[in-house]
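**Student:** After the structure tokens below, expect a handful of questions from me.
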Amino acid sequence: MSDTYGTDRMRAAVLAAWTASPARFREDANAEEDFALGGYRDRLIVELAQNAADAALRAGVPGVLRLTLRGDMLTAANTGAALDATGVESLSTLRASGKRDEAGAAGRFGVGFAAVVSVCDAPSIGSRGVGGVRWSRTETAALVAEIPQLAGELTGRGGHVPLLRLPFDEPPPIDVPEGLDTIVRLPLRDAAAVESVRRLLAETSPALLIGLPALEAIEIDVDGETRTVVGDGWHVVSESGEFTPDEVSRLFADRPTEERARPYWSLRWAVPVTGTGEPGPLPGTVPPVVHAPTPSDEALDLPALLIASFPMATDRRHVAKGPLADFLVERAADAYVRLLRELPRTPKLLDLVPSLLGKGELDAAIRRAILERLPGTPLLPAVSAPAPAVRTPSFADAPVFEPDAEWLVEPPATEPGSDGWVVTGREAAVVASATAELVEAVAGFVPGLLPAGWPARSPAMTALGVRRVELADLVDLLSGEAVEGREPSWWRALYDVLPADDPESLGALPVPLTDGRLVRGPRGTLILTDGGANLDLTPLGLRIVHPEAAHPALLRLGAAEATPRTILDDPLTKAAVAQSLDSPDPEPVARAVLSLVDAAGLAPGEAPWLAELALPGADGELYPAGELMLADGALAGLLEADTHLGVASSELEETYGARVLAAAGVLDGFAMVHEPDVLLDPDECDHDLDGEAAWLDHVLDLLPELDVPPMVAEFTAVRDLDLVADWPAALELLTRPPLRAALHPLRVEGVEVPSYTAWWLAHHPVLGGRTPRELRLPGADPLLQGLYADAPAGLDPAALSMLGVRTTLAELLASHGGPEELLDLMADESVEVDRAQLRALWVALAAVDPSRVAPPSRVRAVLGGSIVVAAADDVVVVEAPDLLQLVTDRPLVLAPYDLAESLSELLDLPLAGELASGEVTSEGVVRPVPPEVRSLLPTAPETYVEHEKLLVDGVECAWRYFEGSVHCTGVDGLARGLAWATGQWNDRLAVAALLRDPTAVPLLLAEADLS
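This is the structure we're talking about:
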């Protein structure tokens, strides 16, 4: 049997060495066990793939590895160079790789195949046509047992021997699958080994191929279920190089000789990419560790796979610290930056920007190196050119010191590439929460502006040094030359794309006005609506938004939506109107205000302050609008000549029309005063009305005493009444709406008082040369007949009543000063009053509170049957009929006796009983009252005193009821006395008839029943 690979020689040499030095046996056994159970645990598939890649590399063919698990047998077949004696010797030797001169080989340390020891006790390997080699723990143990010098070691290790130190020849033919060149067979030790292999096969991912570029595919067949792992879908950046002798001496000073003999370095970054080429997350099957090139225990918490030729510590699990590792950290950072530059410039790129803190020392070192490079790396897309790099010149740069030299630094402008500008993080800026439309709108103001979608508050943006432009900062940039000449429509387009959820940041947003100004901040600006957008309101000084820039966003930020009506109410408009008469050029203000009045559809009197607007009169002079009349207006024909009022110019009427001018205060009819909540106080209630102070005094006289001035909810009055010449025509206007409203009385503190207009008219001769208070309504209360003349016909009675024209006696007496007015009229000798009317007037006056009347000096009275006007000192009020006989020589106030005391108090006149004692001074005879009288007077006294001549206070009288007795001189006197004594004064005539003819009693009773 041929020994193809010299396995007999290898076994003899190893057994001789063990025999000569049992310690060497123990060392080999421990080392193999350490690698299998320590540094190379769980790396079976990785090491098999690594060997397959190296074989393909040596042969220069595409590398393919087929892993097949059937039951407890794992086979690994691959393409590439066949097994040779050097390879067998390397596989059977610890730390003596046969690939040290192969640049690009994955195996470097000569211990990787030891990974099979963790699952197998009888591995074998062979190539097509050249035979193979195998190892057997059983056969090795048998050979060792034959050496007495090793008996103690074998016993001490419980029979455990090194597996891979003694190779055995495996003669051909070797069953290698078609298309493949070499096969490794691993009969798995037990069920745990089978389960471990199944897990390792399931975890095999494309990342394994990334670290082994010579290997194109791994075919995995587990009990008939197959899958192929390829390295597609990754973006890979590779860097490699060869160390110079100086670098070897400097960087490898602390490394083993075997490593110094391989003066090469290589690294590779790989990241999964989506269909768009953007980076994606690492698959879960890729451990987040540094691969060197097999997975280590060095954590790397970056979303990319790093495979690098880091020097490893003796445990093959950790990177060995030192200058070589530091060198590769810097190269890894350079390659990582290149990886980012080659990926699509989208926000997904930020996922690859590391944070500062790492999960281990190596991780942190790599991160630091990357973060040092990224802010200065052109990495980010920009829609605007970066700001020029300004360099401060120094005289030290000049070949000759020239103190007077002028230095100009003009950095070249950055030109965009085919896909725009690419800027470094330090040059870049991002607007928080910006939409694509907003970015497009403001790109010219923000150098190096990133497109929409880049998260401004991402920690990665901070790490890159990207400047975050807050919305308030962006607003500040909209100033100076950058926005000069911008059309209003451009501003509206900008407002359309600004975010609506941050009004505070937009508080200083520039707003173009109709007058060409650009002001800061929408608050206080006005957006015209309802037909006002095309008005020229510049003379008013208002901050009116240009109509082409008007946008709802401005309203949310404090601008006010203004109609022509609300602009008229603006304080600036009112101030312009108030100052127009003193302005050197009031015409523009008048034009702006009148156009607003027209657009607002204002009605006359709605804005009384417009009466101050300076307008030209027909005489060429300027007048306040409230002192101008329309040439054809109703008022112009009513007033006296030569008043202070002017006539509006014909040009003004032709331009704006009578309606607009009247609404602006020009007088068509009477001017009205409207004011809400007016205090009835001399200092507050002053509307420049004729007699207003006297009206106010009159009103206050009508009200009770108050601690504070009363208030009128709505004060309305008609102006210029004192200028009227044609009162019939004027009253036609005043008694019709809308002026009629000014006649209605006011209610103040629960008391009804006359309005100013009604009061003024009531006190002036406006009705046929008489005041309304001198007249009564035609056909009104007959008791007022003769006291008042009839008002002219044709006017509304209700309006005449509001003017003060008298309607009824009750209304007259209820009015303020009415009782005194009536008494004055009654004392007027030119006024005719009949006796019945006089009696009725006294009856009505008796109900008046005396506090409302000042006692008259002359009184209408009855004297000797005639009605006279007498001095009050002569007049007597008669309270009893039997006293009339005592005062017949004096003027008498005659009214129902029960009202005598009230009239005496009202008129401050004496009663008759106060002037005469009424004592009976004559003697008479007591006689019985005829019984028939009781049929009419049931309570009549039993007796009366009959006098032949009755004297009362020495005056001869017909009767007297005195001290409870009736005194009389005849039948008529007895009848009067009995009627008065019984309180049936109205039956006195019937009693007299009864006394004259007692037989007439039945008839009289019947008549009484009918009364």
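Heads up: take any position in the sequence shown, counting from 1, add 4, and you land on our numbering. Cβ coordinates follow ideal geometry from the N, Cα and C atoms, glycine included.
Among ALA303, ASP319, ARG345, which one has its Cα closest to the Cα of LEU366?
**Tutor:** As a position in the sequence shown, residue 366 is number 362, starting the count at 1. The option with the nearest alpha carbon to LEU366 is ALA303.
**Student:** Quick check on THR72: buried or exposed, where buried means 16 or more other Cβ atoms within 10 Å of its Cβ?
**Tutor:** One-based indexing of the sequence shown puts residue 72 at position 68. Buried is the call here.
**Student:** Among all the DSSP beta bridges, which residues are the ones paired with ASN82?
**Tutor:** Mapped onto the sequence shown, residue 82 falls at position 78. Answer is LEU69, THR186.
**Student:** Answer with buried or exposed for GLU1031, where buried requires no fewer than 16 other C-beta atoms within 10 angstroms of its C-beta.
**Tutor:** Outside the shown range of the chain, which is 5 to 1015, sits residue 1031, and nothing can be said about it.
**Student:** Reducing DSSP to helix, strand and coil, say where HIS702 ends up.
**Tutor:** For the purposes of this step, residue 702 is identified with residue 698 of the sequence shown, where counting begins at 1. Reduced to three states, the DSSP call for HIS702 is helix.
**Student:** Please state whether the Cβ-Cβ distance between THR943 and GLY987 is less than 9 Å.
**Tutor:** Counting from 1 along the sequence shown, the entry for residue 943 is found at position 939. Counting from 1 along the sequence shown, the entry for residue 987 is found at position 983. Contact flag set, yes.
**Student:** Can LEU642 and ASP730 be called in contact, C-beta distance under 9 Å?
**Tutor:** As a position in the sequence shown, residue 642 is number 638, starting the count at 1. As a position in the sequence shown, residue 730 is number 726, starting the count at 1. Yes, the pair counts as a contact, with Cβ atoms nearer than the cut-off.
**Student:** Whose C-alpha, out of ARG992, ARG169, LEU154, is nearest the C-alpha of ASP139?
**Tutor:** The residue given as residue 139 occupies position 135 in the sequence shown. First, the residue type needs correcting, since residue 139 is Trp and not Asp in the sequence shown. Considering only alpha carbons, the answer is ARG169.
**Student:** Quick one: Cα of MET830 to Cα of ASP794, how far?
**Tutor:** One-based indexing of the sequence shown puts residue 830 at position 826. One-based indexing of the sequence shown puts residue 794 at position 790. Straight-line Cα distance between these residues: approximately 17 Å.
**Student:** How big is the Cα-Cα spacing for GLU657 and VAL651?
**Tutor:** Start at 1 with the first residue of the sequence shown, and residue 657 comes out as number 653. Start at 1 with the first residue of the sequence shown, and residue 651 comes out as number 647. Each residue's alpha carbon lies about 10 Å from the other.
**Student:** Based on the DSSP secondary-structure assignment, which residues constitute the bridge partners of ASP173?
**Tutor:** Here the question's residue 173 lines up with position 169 in the sequence shown. Paired residue(s): VAL137.
**Student:** Compute the beta-carbon to beta-carbon distance between LEU941 and VAL995, rounded to the nearest angstrom, for a pair I have assumed lies under 8 Å.
**Tutor:** Here residue 941 corresponds to residue number 937 of the sequence shown, with the count starting at 1. Here residue 995 corresponds to residue number 991 of the sequence shown, with the count starting at 1. Rounded, the Cβ-Cβ distance is 6 Å, consistent with contact.
**Student:** Going straight from the alpha carbon of LEU807 to that of LEU816, what length do you get?
**Tutor:** Start at 1 with the first residue of the sequence shown, and residue 807 comes out as number 803. Start at 1 with the first residue of the sequence shown, and residue 816 comes out as number 812. Near 13 Å, if we compare the C-alpha coordinates of LEU816 and LEU807.
**Student:** Go through its chain and collect everything with a Cβ distance to ALA876's Cβ below 8 Å, but skip five positions before and after it.
**Tutor:** The sequence position of residue 876 within the sequence shown is 872, counting from 1. Cβ neighbours of ALA876 beyond the five flanking positions: PRO859, PRO860, SER861, ARG862, VAL863, LEU911, ASP912, LEU913.
**Student:** Can you tell me which of THR518, ASP685, ALA566 puts its alpha carbon nearest to the alpha carbon of ASP711?
**Tutor:** Walking along the sequence shown from the start, residue 711 turns up at place 707. Ranking THR518, ASP685, ALA566 by Cα distance to ASP711 puts ASP685 first.
**Student:** Check whether the stretch 378–390 touches the stretch 466–479, counting contact only when three or more Cβ pairs, one atom from each stretch, lie closer than 8 Å.
**Tutor:** The stretch 378–390 is in contact with the stretch 466–479.
**Student:** Taking DSSP's pairing of strands, which residues face TRP425 in a bridge?
**Tutor:** Along the sequence shown, one-based indexing puts residue 425 at 421. According to DSSP, which records beta bridges pairwise, TRP425 is partnered with ALA386.
**Student:** Once the 5 residues before and after LEU354 are set aside, which same chain residues still bring their CB inside 6 Å of it?
**Tutor:** For the purposes of this step, residue 354 is taken as the residue at position 350 of the sequence shown. Excluding positions up to five away in sequence, the list reads SER462, ALA464.
**Student:** With H, G and I counted as helix, E and B as strand and the rest as coil, what does DSSP make of ILE531?
**Tutor:** Translated into the one-based positions of the sequence shown, residue 531 becomes position 527. Here ILE531 sits in strand by DSSP.
**Student:** Please tell me whether VAL473 and VAL435 are closer than 9 Å, where the distance is taken between their beta carbons.
**Tutor:** Translated into the one-based positions of the sequence shown, residue 473 becomes position 469. Translated into the one-based positions of the sequence shown, residue 435 becomes position 431. Yes, Cβ-Cβ distance for VAL473 and VAL435 is below 9 Å.
**Student:** Between the alpha carbons of SER1034 and LEU271, how many angstroms are there, rounded?
**Tutor:** Past the boundaries of the shown model lies residue 1034; the chain is included only from 5 to 1015, so the question cannot be answered.
**Student:** Starting from ASP681, follow the beta strand (DSSP E) in both directions and report where the run begins and ends.
**Tutor:** Within the sequence shown, residue 681 is the residue found at index 677, counting from 1. Element bounds for ASP681: 676–683.
**Student:** Whose C-alpha, out of LEU539, ALA733, SER939, ASP853, is nearest the C-alpha of GLU644?
**Tutor:** In the sequence shown, the residue the question calls residue 644 occupies position 640. Residue ALA733 is the option with its Cα nearest to GLU644.
**Student:** Here's a check: name, in chain order, each residue in its chain whose Cβ is nearer than 7 Å to the Cβ of LEU919, leaving out the five neighbours to either side.
**Tutor:** Here residue 919 corresponds to residue number 915 of the sequence shown, with the count starting at 1. Around LEU919: VAL880, VAL891.
**Student:** Closest to VAL593 by C-alpha separation, out of PRO459, LEU539, TYR268, THR570, would be which residue?
**Tutor:** For the purposes of this step, residue 593 is identified with residue 589 of the sequence shown, where counting begins at 1. Answer by Cα proximity: LEU539.
**Student:** Have a look at the DSSP bridge pairing and note the partners of GLY650.
**Tutor:** Stepping through the sequence shown from its first residue, residue 650 is reached at position 646. GLY650 pairs with LEU632.
**Student:** So, under 8 Å CB-CB, VAL897 and PHE966 are touching, yes? Tell me the CB distance rounded to an integer number of Å.
**Tutor:** The sequence position of residue 897 within the sequence shown is 893, counting from 1. The sequence position of residue 966 within the sequence shown is 962, counting from 1. Wrong, their Cβ atoms sit about 23 Å apart, outside the cutoff.
**Student:** Under 8 Å by Cβ, that's how I've got GLY520 and GLY511 pegged, so tell me the actual separation to the nearest angstrom.
**Tutor:** Indexing the sequence shown from 1 puts residue 520 at position 516. Indexing the sequence shown from 1 puts residue 511 at position 507. At roughly 23 Å, the Cβ-Cβ gap does not stay under 8 Å, so GLY520 and GLY511 are not in contact.
**Student:** Using 9 Å as the threshold, is the C-beta distance between PRO276 and PRO292 below it?
**Tutor:** Against the sequence shown, residue 276 aligns to sequence position 272. Against the sequence shown, residue 292 aligns to sequence position 288. Going by C-beta atoms, PRO276 is not nearer than 9 Å to PRO292.
**Student:** Are the stretch 658–675 and the stretch 713–727 touching by the rule of at least three beta carbon pairs closer than 8 Å?
**Tutor:** The stretch 658–675, when compared against the stretch 713–727, does touch it at the 8 Å Cβ threshold.
**Student:** Going by C-alpha to C-alpha distance, which of GLY130, HIS164, GLY136 sits closest to ALA146?
**Tutor:** Numbered from its first residue, the sequence shown carries residue 146 at position 142. Looking at the Cα atoms, HIS164 is the closest of the given residues.
**Student:** From LEU309 to PRO297, what distance separates their C-alpha atoms?
**Tutor:** The sequence position of residue 309 within the sequence shown is 305, counting from 1. The sequence position of residue 297 within the sequence shown is 293, counting from 1. Using only the alpha carbons, I get a separation of about 11 Å.
**Student:** Which residues bound the beta strand (DSSP E) around VAL852?
**Tutor:** The count along the sequence shown starts at 1 and reaches residue 852 at position 848. It is not in any beta strand (DSSP E) - VAL852 carries neither H nor E in the DSSP assignment.
**Student:** Using a Cβ-Cβ cut-off of 8 Å (strictly less than) and excluding sequence neighbours within five positions of PHE172, which residues of its own chain qualify?
**Tutor:** On the sequence shown, residue 172 is found 168 positions in, with the first residue counted as 1. Closer than 8 Å at Cβ, skipping near neighbours: THR11, ARG15, VAL137, ARG138, TRP139, SER140, GLU143.
**Student:** Return the chain-ordered list of same chain residues with a C-beta closer than 7 Å to the C-beta of PRO267, the five sequence neighbours on each side being excluded.
**Tutor:** Along the sequence shown, read from residue 1 onward, the residue named residue 267 stands at position 263. Excluding positions up to five away in sequence, the list reads GLU246, PHE247, VAL252.
**Student:** Whole-angstrom Cβ separation of THR518 and LEU541, contact assumed at under 8 Å?
**Tutor:** In the sequence shown, residue 518 corresponds to position 514, counting from 1. In the sequence shown, residue 541 corresponds to position 537, counting from 1. Contact holds; Cβ gap of about 7 Å.
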